[in-house]
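Every letter in the sequence shown is one number past the one before it in the numbering used here, and letter 187, counting from 1, is 187.
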Amino acid sequence: MTYHAALIDLDGTLVNTIPDLADATNAMRTQMGLRPLPQDVIARYVGKGTENLVKKALSTQLNQKPDHATIQQGLHLFNQHYHRVNGEKSTVYDGVITGLNLFRHHQIKMAVVTNKPSEFTLPLLQACGLHNYFEHVVCGDTCSQKKPHPMPLLHACNLLGVTPENTLLIGDSAHDTEAANAAGIDVLAVPYGYNNGQNVQNLKVSDIVSSIEAAACWATRH
Numbered sequence: 001m002t003y004h005a006a007l008i009d010l011d012g013t014l015v016n017t018i019p020d021l022a023d024a025t026n027a028m029r030t031q032m033g034l035r036p037l038p039q040d041v042i043a044r045y046v047g048k049g050t051e052n053l054v055k056k057a058l059s060t061q062l063n064q065k066p067d068h069a070t071i072q073q074g075l076h077l078f079n080q081h082y083h084r085v086n087g088e089k090s091t092v093y094d095g096v097i098t099g100l101n102l103f104r105h106h107q108i109k110m111a112v113v114t115n116k117p118s119e120f121t122l123p124l125l126q127a128c129g130l131h132n133y134f135e136h137v138v139c140g141d142t143c144s145q146k147k148p149h150p151m152p153l154l155h156a157c158n159l160l161g162v163t164p165e166n167t168l169l170i171g172d173s174a175h176d177t178e179a180a181n182a183a184g185i186d187v188l189a190v191p192y193g194y195n196n197g198q199n200v201q202n203l204k205v206s207d208i209v210s211s212i213e214a215a216a217c218w219a220t221r222h
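Spelled out as structure tokens, the structure:
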């Protein structure tokens with residue numbers, strides 16, 4: 001197989017964003033009269049979007065599930081705080097820069113495909129120095145559907161001018177693998193991400209690789 005493009009997830013794949021997400025989550029909880037949560041607890045809530053993160057964070061230490069108004073208040077406060085801290089403590093994973101340069105060396109086009117809204121995605125890529133590697137960035141508000149729906153992946157393929165059959169997705173969660181399988185795109189999983197606290201060994205993937213560098217090496221061998 002010759003790959004012409006690599007679609008890469010952001011949170012938990014390219015960048016460890018847990019510290020900033022945890023800071024914003026705990027700022028929201030404090031403002032709503034709740035105690036801060038340990039970072040490792042918040043990490044288990046990451047991977048299925050902001051609303052899920054807020055719901056889970058507000059459900060902890062409450063005797064009942066938060067109602068719609070409480071969730072909306074939480075989302076508003078979380079977004080407000082995340083705007084302030086986005087990129088401050090986030091770090092690029094080991095092997096990412098080397099891997100992106102390998103993809104570039106082999107003339108494999110690259111795009112980010114994330115469920116993160118564009119208002120947070122683009123500043124984060126800039127803060128981490130990754131924005132110049134990608135021809136396109138497909139965010140959670142780019143299409144009418146998000147991952148695990150295949151639409152964002154197929155949209156990225158169209159933007160890059162490639163077919164799904166010659167495209168590879170690299171991600172860390174079931175949302176990534178389900179979207180790729182539905183789109184007919186080969187998928188690699190990295191084991192260090194979030195995946196809502198679940199083991200990536202259980203995901204339907206072509207392979208599990210240790211880093212983006214390892215993914216680039218895998219892609220150029222297949």
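Every residue, glycine too, gets a C-beta built ideally from N, C-alpha and C.
(request) Would you list the one or two residues that DSSP bridges to Lys109? (result) Its beta-bridge partners are Ala5.
(request) Taking all protein chains shown into account, decide if Lys204 is buried (16 or more other Cβ within 10 angstroms of its Cβ) or exposed. (result) Burial call: exposed.
(request) Could you say which of Ile18, Leu34, His106 lies nearest to Ala215 if we only look at CA atoms? (result) Distances from the CA of Ala215 to each of Ile18, Leu34, His106 were compared; the closest alpha carbon is that of His106.
(message) Looking at Ile8: is its Cβ nearer than 8 Å to the Cβ of Met151?
(response) No.
(message) From the DSSP secondary-structure annotation, give me the bridge partner or partners of Ala189.
(response) Gly171, Ile208, per the DSSP bridge assignment.
(request) With DSSP as the reference, label Thr262 as helix, strand or coil. (result) This structure gives no information on residue 262, because the portion of the chain shown stretches from 1 to 222.
(request) Classify Thr30 as helix, strand or coil using the three-state DSSP reduction. (result) In the structure shown, Thr30 falls within a helical segment according to DSSP collapsed to helix, strand and coil.
(request) Between the Cα of Thr70 and those of His149, Glu51, Glu88, Asn16, spot the shortest distance and give me the residue it belongs to. (result) Nearest neighbour of Thr70 by Cα position, chosen from His149, Glu51, Glu88, Asn16, turns out to be Glu51.
(request) Determine the DSSP secondary structure at His136, reduced to helix, strand or coil. (result) The answer is strand: DSSP assigns His136 an E or B state.
(message) Report the CB separation of Gly47 from Asn196 in whole angstroms; it is logged as a contact under 8 Å.
(response) About 4 Å separates the Cβ atoms of Gly47 and Asn196, confirming a contact at the 8 Å cut-off.
(request) Specify the secondary structure class of Val46 as computed by DSSP and reduced to three states. (result) Val46 falls in the coil class under three-state DSSP.
(message) According to DSSP, is Val162 part of a helix, a strand, or is it coil?
(response) In this structure, Val162 counts as coil in the three-state DSSP scheme.
(request) Can you tell me which of Ala5, Asn16, His175 puts its alpha carbon nearest to the alpha carbon of Glu223? (result) With the chain covering only 1 through 222, there is no way to say anything about residue 223.
(message) At the level of alpha carbons, what is the spacing between His76 and His222?
(response) Answer to the nearest angstrom: the Cα atoms are 45 Å apart.
(message) Using the Cβ count rule (16 or more neighbours within 10 Å means buried), how would you classify Lys65?
(response) Looking at its Cβ environment, which holds fewer than 16 other Cβ atoms inside 10 Å, Lys65 is exposed.
(message) Please report the straight-line C-alpha distance between Leu125 and Val112, rounded to a whole angstrom.
(response) Distance from the CA of Leu125 to the CA of Val112, rounded to the nearest whole angstrom, comes to 10 Å.
(request) Could you check how far apart the C-beta atoms of Asn26 and Leu37 are, in whole angstroms? I think they sit under 8 Å. (result) Rounded, the Cβ-Cβ distance is 6 Å, consistent with contact.
(request) Give me the Cα-Cα distance between Val209 and Thr2, rounded to the nearest whole angstrom. (result) Note on geometry: alpha-carbon atoms of Val209 and Thr2 lie some 18 Å from one another.
(message) For the alpha helix (DSSP H) containing Gly74, name the first residue and the last one.
(response) Looking at the DSSP string, the run of the alpha helix (DSSP H) that includes Gly74 is 68 to 85.
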